[in-house]
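Student: This note's numbering runs 75 ahead of the 1-based position in the sequence shown.
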Amino acid sequence: LEVGTRDILAKTRAELSDKMGEAVLQPWNTSFMVAGDVTKKLDPYFPFERSVLQWGRSFAALGIAYADASMHLDLLDRKGKYSNGFCHWPQPAWRKADGSWQPSRTNFTSLADPSAVGSGLTGLTTLMHEAGHAAHFANIKMPSPLFSQERAPTSVAYAETQSMFLDSLVGDAAWRQKYARDRAGMPIPWEIIEEDIRTTHPTKVLSLRAMLAVPYFEKALYELPDDQLDASTISNLADQIEHKIQGGLSSRPLLSVPHLLSDEASCYYHGYVLAEMAVHQTRDFFLKRDGYIVDNPSVGPTLNKSYWAVGNSQPFLTLVENLTKSPLMGDAWVGELNRPVDTVIAEEKEAYDKMAAKESNGDSKGDSKSNGDAKEEVKLDMHIKIVDGDDVIADTDA
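1. Tell me the DSSP secondary structure of residue 144 in three-state form.
2. Would residue 138 and residue 375 qualify as a contact pair, given that the criterion is a beta-carbon distance under 9 Å?
3. CB-CB under 7 Å to residue 475, same chain, minus the five flanking residues each way: which ones, in chain order?
4. If we count the other Cβ atoms within 10 Å of its Cβ and call it buried at 16 or more, is residue 329 buried or exposed?
5. From residue 315 to residue 353, what distance separates their C-alpha atoms?
6. Taking the alpha-carbon of residue 185 as reference, which of 91, 202, 264, 98 has the nearest alpha-carbon?
7. If I measure Cβ to Cβ from residue 295 and keep anything under 7 Å in the same chain, skipping five residues before and after, which residues do I get?
8. Does residue 319 come out as helix, strand or coil in the three-state DSSP assignment?
9. To the nearest angstrom, how far is the alpha carbon of residue 357 from that of residue 364?
10. Pull up the CB-CB distance for residue 169 and residue 177, whole angstroms please, since I reckon it's below 8 Å.
11. From 334, 331, 336, 183, pick the residue whose C-alpha is nearest to that of residue 462; which is it?
12. In this structure, does DSSP put residue 471 in helix, strand or coil?
13. For the beta strand (DSSP E) containing residue 165, list its first residue and its last residue.
14. If we call anything under 9 Å between Cβ atoms a contact, is residue 256 one with residue 344?
15. If you drop the 5 nearest sequence neighbours on each side, which residues of the same chain put their C-beta closer than 8 Å to that of residue 445?
16. By how many angstroms is the C-alpha of residue 132 removed from the C-alpha of residue 449?
17. Between which two residues does the alpha helix (DSSP H) harbouring residue 231 extend?
18. For residue 190 and residue 151, what's the separation of their Cα atoms in angstroms?
19. So, for residue 404: in the same chain, excluding its five sequence neighbours on each side, which residues have a beta-carbon less than 8 Å away from its beta-carbon?
20. Determine the DSSP secondary structure at residue 121, reduced to helix, strand or coil.
21. Near residue 84, what residues of its chain come up, given a Cβ to Cβ distance below 8 Å and the 5 sequence neighbours on each side ignored?
22. Taking the DSSP output, what are the residues bridged to residue 457?
23. Give the list of continuous beta strand (DSSP E) stretches no shorter than 3 residues that lie fully inside the region 89-123.
24. With DSSP collapsed to three states, give me the class of residue 151.
25. For chain D, find out if any of its Cβ atoms is closer than 9 Å to the Cβ of residue 154; answer yes or no.
26. What does a CB cutoff of less than 6 Å around residue 218 pick up in its chain, not counting 5 residues either side in sequence?
27. Checking 9 Å against the spacing of the C-beta atoms, do residue 266 and residue 347 come in under that value?
28. How big is the Cα-Cα spacing for residue 80 and residue 126?
29. Are there three or more Cβ pairs, one per stretch, closer than 8 Å when the region 103-114 is compared with the region 240-251?
30. Please report the straight-line C-alpha distance between residue 118 and residue 195, rounded to a whole angstrom.
31. Our contact map puts residue 210 next to residue 367 with C-beta atoms below 8 Å; I'd like the distance itself, whole angstroms only.
32. Using only the alpha-carbon positions, how far apart do residue 453 and residue 407 sit?
33. Relative to the C-alpha of residue 68, which residue among 175, 427, 128 is closest?
34. Per DSSP, what kind of secondary structure is residue 462 in: helix, strand or coil?
35. What did DSSP end up calling residue 259 once you bin it into helix, strand or coil?
36. Suppose you measure from the CA of residue 154 to the CA of residue 397; what does that come to, to the nearest Å?
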């Protein structure tokens with residue numbers, strides 16, 4: 076993966092410099108200068124109050140269900156709240172010796188601030204991510220709760236593949252055509268999606284290399300002799316890795332990455348890289364097998380059978396190969412980065428138009444003509460309680 080993206084990184088940095096000047100490569104400038112103003116244009120089509128509905132409709136259309144799980148959702152930021160989205164399971168799911176089913180009980184949280192520009196999209200993506208974790212752990216059907224708990228041998232890569240695959244849908248043009256709607260129910264225009272692709276696709280390699288830099292730094296750090304472990308050496312080592320892997324100093328300095336500073340998250344971050352590799356390989360599998368992912372009712376059953384039901388009884392690499400019929404490789408991810416932006420736009424426009432046609436003809440699940448809301452009941456086989464701290468906002472069992 077590192078070798079396969081070296082040239083892409085060099086080309087991207089050269090093109091940015093030619094287009095915007097050398098200043099864009101300064102770490103304090105890069106993120107701001109390449110972002111443009113598309114975030115403001117996207118914002119009206121992701122009102123946070125629609126996030127739960129968008130998640131429920133989208134997952135139901137994928138054939139995902141939660142096996143009678145109970146979930147508490149605490150989605151809004153507030154003073155004193157832990158500063159991270161996460162999901163955990165006070166009660167794991169498992170099949171008891173007498174054959175009876177013990178459903179999971181899940182708590183998950185995000186940090187949405189509906190008043191902030193871009194918060195609706197960020198909050199929705201976090202919701203889709205954590206709901207992906209919850210779907211995974213709700214469907215582990217093994218004869219002991221040890222197969223469905225979060226600790227070893229459950230790997231970071233295995234767990235994050237499920238959540239990152241499902242939150243990736245939010246970036247698909249077909250998904251946005253159906254689910255991304257403003258408060259009047261109008262779908263997001265194709266022109267905004269095209270602008271977003273032209274803004275983000277050419278620089279996606281920067282995110283990949285930033286991810287890679289963390290485990291490369293961690294490896295180098297733990298290989299240092301004890302007598303060299305001082306602040307100056309470690310700081311210089313971080314700078315060296317940033318130059319080697321990212322082409323220059325990073326807009327997110329390595330020593331600011333919290334995983335490196337917390338003992339329970341040490342030797343952890345490479346799991347995200349492996350998971351992202353598996354996400355691209357899994358997406359590639361579905362696209363080749365079925366031709367589409369969004370609202371594909373075979374996605375959920377396939378994930379359930381190959382990734383979820385067995386829990387941690389099989390190694391991560393075995394699970395990926397079982398589903399995708401190929402050993403885990405970085406080819407799909409590198410291939411995505413190598414696609415010309417005009418090719419991406421043409422393919423996404425085709426997917427957008429196909430979804431629009433389905434919506435117009437009433438062929439897709441949910442009736443978008445009612446302000447973008449589904450008329451049919453969303454069935455996820457779960458019990459949901461939406462809370463804000465101690466305050467209960469909604470409860471499906473009330």
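Ideal Cβ positions, reconstructed from N, Cα and C, are used throughout, including at glycine.
All figures in this text were calculated on a predicted structure; none of them were measured in a lab.
Tutor: Result, derived from the coordinates:
1. Working through the sequence shown from its first residue, we reach residue 144 at position 69. DSSP places residue 144 in strand when its eight states are reduced to three.
2. Position 63 of the sequence shown, counted from the start, is the residue given in the question as residue 138. Position 300 of the sequence shown, counted from the start, is the residue given in the question as residue 375. Yes, they are a contact pair.
3. Shown here, the chain extends from 76 to 473; a query on residue 475 therefore has no answer.
4. Stepping through the sequence shown from its first residue, residue 329 is reached at position 254. Buried, since its Cβ has 16 or more Cβ neighbours within 10 Å.
5. Walking along the sequence shown from the start, residue 315 turns up at place 240. Walking along the sequence shown from the start, residue 353 turns up at place 278. Cα to Cα, residue 315 sits roughly 28 Å from residue 353.
6. Working through the sequence shown from its first residue, we reach residue 185 at position 110. For the residues 91, 202, 264, 98, the minimum Cα distance to residue 185 belongs to 202.
7. Taking the first residue of the sequence shown as position 1, residue 295 is located at position 220. Excluding sequence neighbours, residue 295 sits near 312, 316.
8. Looking up residue 319 in the sequence shown gives position 244. DSSP places residue 319 in helix when its eight states are reduced to three.
9. The sequence position of residue 357 within the sequence shown is 282, counting from 1. The sequence position of residue 364 within the sequence shown is 289, counting from 1. When rounded, the distance between both Cα atoms is 11 Å.
10. The residue labelled residue 169 in the question sits at position 94 within the sequence shown. The residue labelled residue 177 in the question sits at position 102 within the sequence shown. Indeed they touch by this definition, with Cβ atoms about 5 Å apart.
11. The count along the sequence shown starts at 1 and reaches residue 462 at position 387. The shortest C-alpha separation from residue 462 is found at 183.
12. The count along the sequence shown starts at 1 and reaches residue 471 at position 396. Correct three-state label for residue 471: coil.
13. By one-based count along the sequence shown, residue 165 stands at place 90. Per DSSP, residue 165 belongs to the beta strand (DSSP E) from 161-166.
14. For the purposes of this step, residue 256 is taken as the residue at position 181 of the sequence shown. For the purposes of this step, residue 344 is taken as the residue at position 269 of the sequence shown. Not a contact, by the Cβ cut-off of 9 Å.
15. Stepping through the sequence shown from its first residue, residue 445 is reached at position 370. With a pLDDT of only 42 at residue 445, under the threshold of 50, the placement of this residue in the model should not be trusted; the figure read from the coordinates follows. Result list for residue 445: 260, in chain order.
16. Numbered from its first residue, the sequence shown carries residue 449 at position 374. Numbered from its first residue, the sequence shown carries residue 132 at position 57. Residue placement at residue 449 is flagged as unreliable, the pLDDT there being 49, under the threshold of 50; the coordinate-derived value follows with that caveat. Answer to the nearest angstrom: the Cα atoms are 7 Å apart.
17. Residue mapping note: residue 231 aligns to position 156 of the sequence shown, counting from 1. Per DSSP, residue 231 belongs to the alpha helix (DSSP H) from 231-242.
18. Position 115 of the sequence shown, counted from the first residue, corresponds to residue 190. Position 76 of the sequence shown, counted from the first residue, corresponds to residue 151. Using only the alpha carbons, I get a separation of about 11 Å.
19. By 1-based counting over the sequence shown, the position of residue 404 is 329. Counting only Cβ-Cβ distances below 8 Å, and skipping sequence neighbours, we find 352, 356.
20. As a first step, residue 121 is located in the sequence shown; it is residue number 46 there, counting from the start. Coil at residue 121, not helix or strand.
21. Walking along the sequence shown from the start, residue 84 turns up at place 9. Cβ neighbours of residue 84 beyond the five flanking positions: 280, 281, 284, 321, 322.
22. As a first step, residue 457 must be located in the sequence shown, where it is residue number 382. The partner list for residue 457 (beta bridge, DSSP) reads 144.
23. none
24. As a first step, residue 151 is located in the sequence shown; it is residue number 76 there, counting from the start. Strand.
25. The displayed structure is made up of one protein chain only, and chain D is not part of it.
26. For the purposes of this step, residue 218 is taken as residue 143 along the sequence shown, with counting starting at 1. For residue 218, where only same-chain residues beyond five positions count, the Cβ hits under 6 Å are 170.
27. Taking the sequence shown and counting its residues from 1, one reaches residue 266 at position 191. Taking the sequence shown and counting its residues from 1, one reaches residue 347 at position 272. Their beta carbons are not under 9 Å apart, which means residue 266 does not touch residue 347 by this criterion.
28. Within the sequence shown, numbered from 1, the residue matching residue 80 stands at position 5. Within the sequence shown, numbered from 1, the residue matching residue 126 stands at position 51. Rounded to whole angstroms, residue 80 to residue 126 spans 35 Å at the Cα level.
29. no
30. Sequence index remark: in the sequence shown, residue 118 carries index 43 (1-based). Sequence index remark: in the sequence shown, residue 195 carries index 120 (1-based). Going by the C-alpha atoms only, they are around 7 Å apart.
31. Here residue 210 refers to the residue found at position 135 when the sequence shown is read from its first residue. Here residue 367 refers to the residue found at position 292 when the sequence shown is read from its first residue. Going by Cβ atoms, the distance from residue 210 to residue 367 rounds to 20 Å, so no, they are not a contact pair.
32. Position 378 of the sequence shown, counting from 1, holds the residue named residue 453. Position 332 of the sequence shown, counting from 1, holds the residue named residue 407. The straight-line gap from Cα to Cα measures roughly 33 Å.
33. Residue 68 is absent from the structure shown; the chain starts at 76 and stops at 473.
34. For the purposes of this step, residue 462 is taken as residue 387 along the sequence shown, with counting starting at 1. Residue state, collapsed to three classes: strand.
35. Looking up residue 259 in the sequence shown gives position 184. Coil, per DSSP.
36. Stepping through the sequence shown from its first residue, residue 154 is reached at position 79. Stepping through the sequence shown from its first residue, residue 397 is reached at position 322. When rounded, the distance between both Cα atoms is 45 Å.
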